[in-house]
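**Student:** Each step along the sequence shown adds one to the number in my numbering, with nothing skipped, and position 123 is 305.
Cβ atoms here follow ideal geometry from the backbone N, Cα and C, with glycine treated the same way.
A quick note: this is a predicted structure, and the numbers were derived from the prediction, not measured.
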Amino acid sequence: MSSKLFIGGLSWNTSDESLRHGFSHFGEVQDAIVIRDRETGRSRGFGFVTFADDASAQNAIDHLHEKEFEGRTIKVDRASERAAGGSRGGFQSRGGFQSRGGYNSGFQQGGYQQQGQQGRSDGDWGRN
Numbered sequence: 183m184s185s186k187l188f189i190g191g192l193s194w195n196t197s198d199e200s201l202r203h204g205f206s207h208f209g210e211v212q213d214a215i216v217i218r219d220r221e222t223g224r225s226r227g228f229g230f231v232t233f234a235d236d237a238s239a240q241n242a243i244d245h246l247h248e249k250e251f252e253g254r255t256i257k258v259d260r261a262s263e264r265a266a267g268g269s270r271g272g273f274q275s276r277g278g279f280q281s282r283g284g285y286n287s288g289f290q291q292g293g294y295q296q297q298g299q300q301g302r303s304d305g306d307w308g309r310n
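1) For residue 212, tell me which candidate among 226, 240, 231 has the shortest Cα-Cα distance.
2) For residue 248 and residue 190, what's the separation of their Cα atoms in angstroms?
3) Assuming residue 234 contacts residue 184 (C-beta within less than 8 Å), just tell me the rounded distance between them.
4) Can you tell me which of the three DSSP states residue 192 falls into?
5) Roughly how many angstroms separate the alpha carbons of residue 252 and residue 201, rounded to a whole number?
6) Let me know if residue 209 comes out buried or exposed under the rule of 16 or more other beta-carbons within 10 Å of its beta-carbon.
7) Just the C-alpha distance for residue 262 and residue 241, rounded to the nearest angstrom, thanks.
8) For residue 246, tell me which candidate among 238, 237, 256 has the shortest Cα-Cα distance.
9) Go to residue 213, then tell me how far its beta strand (DSSP E) extends in each direction, as first and last residue.
10) To the nearest angstrom, how far is the alpha carbon of residue 243 from that of residue 222?
11) DSSP three-state call for residue 229: helix, strand or coil?
12) Express the C-alpha separation of residue 264 and residue 204 in angstroms, rounding to a whole number.
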């Protein structure tokens with residue numbers, strides 16, 4: 183059964199071929215791909231390597247995780263499957279307007295209210 187690895191921290195100059203070559207020392211590589219920006223074609227600094235068997239994949243993890251590869255310290259771990267049934271990104275799925283640091287996050291966590299100001303229900307700030 184094949185085993186897919188996530189490779190993070192790659193050099194901007196790492197190619198699919200050099201990734202395949204570097205990992206082929208640990209077993210049969212079925213696929214090696216460096217993920218690139220779709221607009222610029224530049225490496226995004228990570229990629230995936232698929233080994234023919236699990237033992238080879240574990241061997242690569244054991245020998246290359248937190249080691250130098252083409253001038254950069256890389257992270258090597260088993261790839262996790264993408265969540266099914268939805269797109270990445272978009273207004274609602276990645277935080278959007280009201281979560282993590284959005285428009286209302288300061289107000290909801292105390293923000294202005296802790297400083298002694300009160301807001302009116304229509305959104306305007308009144309003086310105390």
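**Tutor:** So, from the data block:
1) The residue given as residue 212 occupies position 30 in the sequence shown. Residue 231 is the option with its Cα nearest to residue 212.
2) The count along the sequence shown starts at 1 and reaches residue 248 at position 66. The count along the sequence shown starts at 1 and reaches residue 190 at position 8. Approximately 10 Å, taken between the alpha carbons.
3) Numbered from 1 along the sequence shown, position 52 holds the residue referred to as residue 234. Numbered from 1 along the sequence shown, position 2 holds the residue referred to as residue 184. Rounded, the Cβ-Cβ distance is 6 Å, consistent with contact.
4) Position 10 of the sequence shown, counted from the start, is the residue given in the question as residue 192. Correct three-state label for residue 192: coil.
5) The residue you call residue 252 lines up with position 70 of the sequence shown. The residue you call residue 201 lines up with position 19 of the sequence shown. So the two alpha carbons sit approximately 9 Å from each other.
6) Here residue 209 refers to the residue found at position 27 when the sequence shown is read from its first residue. Per the 10 Å Cβ criterion, buried.
7) One-based indexing of the sequence shown puts residue 262 at position 80. One-based indexing of the sequence shown puts residue 241 at position 59. For residue 262 and residue 241, the distance between alpha carbons rounds to 18 Å.
8) Sequence index remark: in the sequence shown, residue 246 carries index 64 (1-based). Minimum Cα distance to residue 246 is reached at 256.
9) Start at 1 with the first residue of the sequence shown, and residue 213 comes out as number 31. Its beta strand (DSSP E) spans residues 211 to 218.
10) What you label residue 243 is simply residue 61 of the sequence shown in a count that begins at 1. What you label residue 222 is simply residue 40 of the sequence shown in a count that begins at 1. Each residue's Cα considered, the two are about 30 Å apart.
11) Here the question's residue 229 lines up with position 47 in the sequence shown. Three-state result, residue 229: strand.
12) On the sequence shown, position 22 is the one that residue 204 refers to. On the sequence shown, position 82 is the one that residue 264 refers to. In a straight line, the C-alpha of residue 204 is about 26 Å away from that of residue 264.
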